Amino acid sequence: MVQASSQTHQIHHFNFTLPPPLKMKAIFTIFAIGGLITSAIAKPIAVSESLEKRQDYEALGASLTTLLADIQAQTAIINSTMDAAPDNPTDAEATADASQIAPQLQAITDLLTAANATVVKRALVEARFGKPDLFKTLSIIIFEVLFTVKKILFKLGLAKVVHYLTPLAFALKGLVFSLDHVVGGVLLAVGGITNELLKAVGLALIGL
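All residue numbers for the sequence shown refer to this note's numbering, where the first residue is 96 and numbers rise by one.
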(Lines of atoms letter the chains of each structure in order from A; the text may use other names.)
(Lines give C-alpha, C1' and ligand atoms only; values in the text may rest on other atoms or scores of the structure.)
Protein backbone atom coordinates (compact mmCIF):
# COMPACT_ATOMS: atom_id res chain seq x y z
CA MET A 96 0.00 0.00 0.00
CA VAL A 97 1.38 3.23 -1.03
CA GLN A 98 0.88 6.10 1.44
CA ALA A 99 -0.01 9.46 0.10
CA SER A 100 2.47 12.05 1.13
CA SER A 101 2.29 15.86 0.79
CA GLN A 102 4.16 16.92 -2.24
CA THR A 103 5.32 20.36 -3.13
CA HIS A 104 4.21 21.32 -6.62
CA GLN A 105 6.68 23.54 -8.35
CA ILE A 106 5.66 25.77 -11.24
CA HIS A 107 8.31 26.03 -13.84
CA HIS A 108 8.58 29.29 -15.84
CA PHE A 109 9.84 28.98 -19.36
CA ASN A 110 11.51 31.87 -21.18
CA PHE A 111 10.48 31.76 -24.81
CA THR A 112 12.90 33.63 -27.09
CA LEU A 113 12.44 33.93 -30.83
CA PRO A 114 15.43 33.34 -33.03
CA PRO A 115 16.75 36.66 -34.42
CA PRO A 116 15.28 36.23 -37.94
CA LEU A 117 11.81 35.46 -36.58
CA LYS A 118 12.09 38.27 -34.03
CA MET A 119 12.78 40.82 -36.74
CA LYS A 120 9.90 39.49 -38.82
CA ALA A 121 7.54 39.86 -35.88
CA ILE A 122 8.64 43.44 -35.30
CA PHE A 123 8.09 44.34 -38.95
CA THR A 124 4.67 42.69 -38.83
CA ILE A 125 3.69 44.78 -35.80
CA PHE A 126 4.82 47.97 -37.49
CA ALA A 127 2.98 47.04 -40.68
CA ILE A 128 -0.26 46.41 -38.81
CA GLY A 129 0.20 49.67 -36.92
CA GLY A 130 0.74 51.51 -40.18
CA LEU A 131 -2.42 50.07 -41.68
CA ILE A 132 -4.43 51.08 -38.62
CA THR A 133 -3.00 54.60 -38.70
CA SER A 134 -3.70 54.90 -42.42
CA ALA A 135 -7.24 53.66 -41.97
CA ILE A 136 -7.85 56.26 -39.28
CA ALA A 137 -6.08 59.12 -41.06
CA LYS A 138 -7.79 58.68 -44.45
CA PRO A 139 -11.37 59.38 -43.24
CA ILE A 140 -10.07 62.35 -41.23
CA ALA A 141 -8.24 63.78 -44.26
CA VAL A 142 -11.32 63.33 -46.48
CA SER A 143 -13.53 64.89 -43.83
CA GLU A 144 -11.23 67.90 -43.41
CA SER A 145 -10.99 68.39 -47.18
CA LEU A 146 -14.78 68.24 -47.50
CA GLU A 147 -15.24 70.71 -44.65
CA LYS A 148 -12.76 73.11 -46.24
CA ARG A 149 -14.47 72.80 -49.59
CA GLN A 150 -17.87 73.44 -48.03
CA ASP A 151 -16.43 76.41 -46.15
CA TYR A 152 -14.99 77.80 -49.37
CA GLU A 153 -18.27 77.33 -51.22
CA ALA A 154 -20.06 79.14 -48.38
CA LEU A 155 -17.58 82.00 -48.73
CA GLY A 156 -18.25 82.21 -52.47
CA ALA A 157 -22.00 82.24 -51.82
CA SER A 158 -21.53 85.05 -49.29
CA LEU A 159 -19.68 87.16 -51.86
CA THR A 160 -22.38 86.52 -54.45
CA THR A 161 -25.00 87.69 -51.97
CA LEU A 162 -22.84 90.70 -51.11
CA LEU A 163 -22.61 91.63 -54.79
CA ALA A 164 -26.40 91.48 -55.20
CA ASP A 165 -26.93 93.60 -52.07
CA ILE A 166 -24.40 96.20 -53.21
CA GLN A 167 -25.92 96.33 -56.70
CA ALA A 168 -29.30 97.08 -55.14
CA GLN A 169 -27.75 100.14 -53.46
CA THR A 170 -25.65 101.28 -56.43
CA ALA A 171 -28.72 101.11 -58.68
CA ILE A 172 -30.42 103.71 -56.47
CA ILE A 173 -27.31 105.89 -56.40
CA ASN A 174 -26.79 105.67 -60.16
CA SER A 175 -30.43 106.56 -60.77
CA THR A 176 -30.08 109.60 -58.53
CA MET A 177 -26.88 110.67 -60.27
CA ASP A 178 -28.47 110.25 -63.71
CA ALA A 179 -31.19 112.68 -62.66
CA ALA A 180 -28.72 115.17 -61.17
CA PRO A 181 -27.58 118.13 -63.30
CA ASP A 182 -24.12 117.97 -64.84
CA ASN A 183 -23.14 121.29 -63.29
CA PRO A 184 -25.09 121.47 -60.05
CA THR A 185 -25.10 124.48 -57.82
CA ASP A 186 -23.59 124.11 -54.38
CA ALA A 187 -27.03 123.71 -52.88
CA GLU A 188 -28.00 121.07 -55.46
CA ALA A 189 -24.79 119.11 -54.92
CA THR A 190 -25.33 119.18 -51.17
CA ALA A 191 -28.91 117.97 -51.59
CA ASP A 192 -27.90 115.16 -53.95
CA ALA A 193 -25.11 114.07 -51.61
CA SER A 194 -27.57 113.88 -48.73
CA GLN A 195 -29.96 111.90 -50.90
CA ILE A 196 -27.42 109.15 -51.65
CA ALA A 197 -25.89 109.13 -48.17
CA PRO A 198 -28.13 106.26 -46.90
CA GLN A 199 -27.12 104.05 -49.83
CA LEU A 200 -23.41 104.81 -49.36
CA GLN A 201 -23.75 103.98 -45.67
CA ALA A 202 -25.59 100.77 -46.54
CA ILE A 203 -22.73 99.70 -48.84
CA THR A 204 -20.21 100.48 -46.09
CA ASP A 205 -22.23 98.42 -43.61
CA LEU A 206 -22.46 95.51 -46.07
CA LEU A 207 -18.69 95.51 -46.63
CA THR A 208 -18.01 95.76 -42.90
CA ALA A 209 -20.35 92.86 -42.14
CA ALA A 210 -18.80 90.74 -44.89
CA ASN A 211 -15.34 91.50 -43.52
CA ALA A 212 -16.38 90.38 -40.04
CA THR A 213 -17.72 87.11 -41.48
CA VAL A 214 -14.54 86.42 -43.46
CA VAL A 215 -12.28 87.08 -40.47
CA LYS A 216 -14.07 84.34 -38.51
CA ARG A 217 -13.47 81.71 -41.17
CA ALA A 218 -10.67 79.17 -40.96
CA LEU A 219 -8.05 78.92 -43.71
CA VAL A 220 -9.40 77.11 -46.74
CA GLU A 221 -7.85 75.22 -49.59
CA ALA A 222 -7.20 77.71 -52.37
CA ARG A 223 -7.71 75.22 -55.19
CA PHE A 224 -11.47 75.08 -54.75
CA GLY A 225 -13.18 77.75 -56.86
CA LYS A 226 -10.46 80.36 -56.46
CA PRO A 227 -10.94 81.97 -59.91
CA ASP A 228 -14.69 82.26 -59.28
CA LEU A 229 -14.07 84.03 -55.99
CA PHE A 230 -11.64 86.47 -57.63
CA LYS A 231 -14.18 87.12 -60.39
CA THR A 232 -16.98 87.88 -57.94
CA LEU A 233 -14.77 90.12 -55.82
CA SER A 234 -13.57 91.98 -58.93
CA ILE A 235 -17.17 92.61 -60.01
CA ILE A 236 -17.96 93.96 -56.53
CA ILE A 237 -15.04 96.38 -56.68
CA PHE A 238 -15.85 97.49 -60.25
CA GLU A 239 -19.47 98.02 -59.24
CA VAL A 240 -18.44 100.28 -56.36
CA LEU A 241 -15.75 102.03 -58.43
CA PHE A 242 -18.16 102.82 -61.28
CA THR A 243 -20.69 104.32 -58.90
CA VAL A 244 -18.06 106.29 -56.98
CA LYS A 245 -16.69 107.80 -60.20
CA LYS A 246 -20.20 108.73 -61.25
CA ILE A 247 -20.77 110.46 -57.92
CA LEU A 248 -17.47 112.31 -58.14
CA PHE A 249 -18.19 113.42 -61.71
CA LYS A 250 -21.53 114.92 -60.72
CA LEU A 251 -20.93 116.18 -57.18
CA GLY A 252 -17.17 116.40 -56.69
CA LEU A 253 -15.22 114.89 -53.79
CA ALA A 254 -15.81 117.57 -51.15
CA LYS A 255 -19.53 116.88 -50.84
CA VAL A 256 -19.19 113.12 -50.36
CA VAL A 257 -15.69 112.47 -48.99
CA HIS A 258 -17.03 111.85 -45.47
CA TYR A 259 -19.32 109.14 -46.92
CA LEU A 260 -16.81 107.59 -49.29
CA THR A 261 -13.84 107.39 -46.91
CA PRO A 262 -15.36 104.78 -44.54
CA LEU A 263 -16.68 102.90 -47.57
CA ALA A 264 -13.19 102.73 -49.10
CA PHE A 265 -11.68 101.61 -45.80
CA ALA A 266 -14.35 98.90 -45.44
CA LEU A 267 -13.62 97.61 -48.94
CA LYS A 268 -9.89 97.63 -48.30
CA GLY A 269 -10.45 95.68 -45.06
CA LEU A 270 -12.49 93.06 -46.89
CA VAL A 271 -9.78 92.63 -49.53
CA PHE A 272 -7.10 92.16 -46.88
CA SER A 273 -9.22 89.66 -44.93
CA LEU A 274 -9.93 87.63 -48.06
CA ASP A 275 -6.24 87.63 -48.93
CA HIS A 276 -5.49 86.20 -45.48
CA VAL A 277 -8.13 83.49 -45.86
CA VAL A 278 -7.58 82.52 -49.49
CA GLY A 279 -4.25 83.96 -50.58
CA GLY A 280 -3.52 85.75 -53.84
CA VAL A 281 -6.39 88.23 -53.56
CA LEU A 282 -4.11 91.27 -53.36
CA LEU A 283 -2.40 90.25 -56.58
CA ALA A 284 -5.72 89.64 -58.30
CA VAL A 285 -7.64 92.78 -57.33
CA GLY A 286 -5.05 95.11 -55.79
CA GLY A 287 -4.90 97.26 -58.93
CA ILE A 288 -8.59 98.10 -59.13
CA THR A 289 -8.81 98.53 -55.36
CA ASN A 290 -6.01 101.08 -55.50
CA GLU A 291 -7.86 102.85 -58.32
CA LEU A 292 -10.86 103.21 -56.03
CA LEU A 293 -8.72 104.48 -53.16
CA LYS A 294 -7.10 107.05 -55.45
CA ALA A 295 -10.48 108.18 -56.73
CA VAL A 296 -11.54 108.88 -53.17
CA GLY A 297 -8.28 110.70 -52.51
CA LEU A 298 -6.79 107.95 -50.35
CA ALA A 299 -3.77 107.14 -52.49
CA LEU A 300 -1.49 107.20 -49.44
CA ILE A 301 -3.25 104.15 -47.96
CA GLY A 302 -3.04 102.08 -51.15
CA LEU A 303 -2.51 98.33 -51.03
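Note that the Cβ used here is the ideal one computed from N, Cα and C, for glycine as well.
These figures come from a predicted structure and were not determined experimentally.
Taking the alpha helix (DSSP H) that P227 belongs to, which residues open and close that run?
K226 to L251
What is the DSSP secondary structure of D182, reduced to helix, strand or coil?
coil
Residue closest to A254, alpha-carbon to alpha-carbon, out of T213, T190 and L233
T190
On the three-state DSSP scale, how would you describe V281?
helix
Out of D186, Q195 and E153, state which residue places its alpha-carbon closest to the alpha-carbon of T176.
Q195
Do V271 and L233 come within 9 Å of each other at the CB atom, strictly closer than that value?
yes
G156: which of I236, T204, A202 and T185 sits nearest, CA to CA?
I236
C-alpha gap between D192 and L162, whole angstroms
25 Å
How many angstroms separate the CA atom of N290 from the CA atom of L241?
10 Å
Have a look at E188, A212 and N174 and flag the residue whose alpha-carbon is nearest the alpha-carbon of H276.
A212
Excluding the 5 residues preceding and the 5 following T204 in the sequence, name in chain order all residues of the same chain whose CB lies nearer than 7 Å to its CB.
P262, L263 and A266
My output table needs one value for V256: the three-state DSSP class, helix, strand or coil.
coil
So, at 7 Å on beta carbons, what are the nonlocal neighbours of D228 in its own chain, with the 5 sequence-adjacent residues on each side left out?
G156
Within the same chain, show all residues whose beta-carbon is closer than 6 Å to that of K250, passing over the 5 residues directly before and after it, in chain order.
M177 and A180
For G297, the three-state DSSP class (helix, strand or coil)
coil
Counted within 10 angstroms of its Cβ, other Cβ atoms place A284 as buried (16 or more) or exposed:
buried
Using only CA atoms, which one of I288, G269 and G280 lies nearest to T208?
G269
With a CB to CB cut of under 7 Å and the five nearest residues on each side skipped, what residues in its chain are close to I288?
S234, I237, F238 and L241
If contacts are defined as beta-carbon pairs under 8 Å, then V244 and L206 qualify, I think. What distance do you get, rounded to the angstrom?
About 15 Å; that fails the 8 Å criterion.
So which of I166, D165, G297 and G286 has the shortest CA-CA distance to F230?
G286
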